[in-house]
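Here is the structure we will look at, set down as structure tokens.
Numbering (my numbering), first residue to last: 203 to 328.
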């Protein structure tokens, strides 16, 4: 059956907002999940905003966050995000917690938000 709805779950990863500085998304617990991908949406960019994306991982979800190695990220996001665009980042690491990190290299602001989409090990997804 061609049913994605019952096989995918989604949770907020970065609240949609106008970001004026670097921002860390919510900790996504990968316990009992088969994989995770982040879908990021951007809106307007002001003042030549130069923002990028990366992923961070942790064993506890509260501390010890480190950058995920580039070899463990699948992404179509450019180094500098464009206005009114959508990007995907997939995590292939082994830590229990992962989060999206919005980085700022310069400029004023970017409107951005993200959702984590994952495959639960038990179905249907709730």
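Backbone N, C-alpha and C define an ideal beta-carbon position, used for all residues, glycine too.
query                                                                                      : result
Cβ contact (3+ pairs, closer than 8 Å) linking the segment 296-313 and the segment 230-240 : yes
Limits of the unbroken beta strand (DSSP E) element including residue 244                  : 235-248
Length-filtered (4 minimum) alpha helix (DSSP H) runs lying within the segment 258-308     : none
Residue 244 burial status per 10 Å Cβ neighbour count (16 or more: buried)                 : buried
Within 7 Å, strictly: CB atoms of residue 208 and residue 325                              : yes
Residue range of the beta strand (DSSP E) that includes residue 317                        : 311-322
Short Cβ contact (7 Å threshold) for residue 224 with residue 306                          : yes
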